[in-house]
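Working notes, structure below.
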Amino acid sequence: MSWAASLLEQRDQLGSTLSDSPSLRSYPRDVVDKQYRIARLKAAGETKLPLDAFPEANPYSLQEILDEGFLPAEKGHPG
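Per our numbering, the sequence shown starts with residue 1425, numbered consecutively.
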């Protein structure tokens, strides 16, 4: 599965979960920065690129992260 397809799949699953459980709607906002830090470490390990090749802080808004039509390369970030 390509990274773009994986991204779309995860967004779809998250959207379904949030629709089914309204009490979780604030959850993405609460965890996005922590999850970005973890994803950054994983990306560096998987790609064998230095950690500083990835932005230290999450460069994406929550709206962009959840937008099914948004792909990171559109904003000029590595993708």
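For glycine and all other residues, C-beta sits at the position ideal for the given N, C-alpha and C.
As assigned by DSSP and simplified to three states, the class of residue i
i, result
"S1426", "coil"
"R1435", "helix"
"F1494", "coil"
"K1458", "helix"
"L1473", "coil"
Cβ-Cβ separation, residue j to residue i (assumed contact under 8 Å), whole Å
i, j, result
"L1486", "V1455", "So it is not a contact: roughly 10 Å between Cβ atoms."
Neighbourhood of residue i by C-beta, 8 Å cutoff - its chain only, sequence neighbours within 5 removed
i, result
"A1468", "P1474, L1475, A1477 and F1478"
"D1519", "As shown, the chain starts at 1425 and ends at 1503. That puts residue 1519 outside it, with no answer to give."
Proximity of residue i and residue j at Cβ, strictly below 8 Å
i, j, result
"A1428", "L1495", "yes"
"L1431", "T1441", "no"
"Y1460", "N1482", "yes"
Own chain residues within Cβ distance below 6 Å of residue i, not counting five before or after
i, result
"R1464", "F1478"
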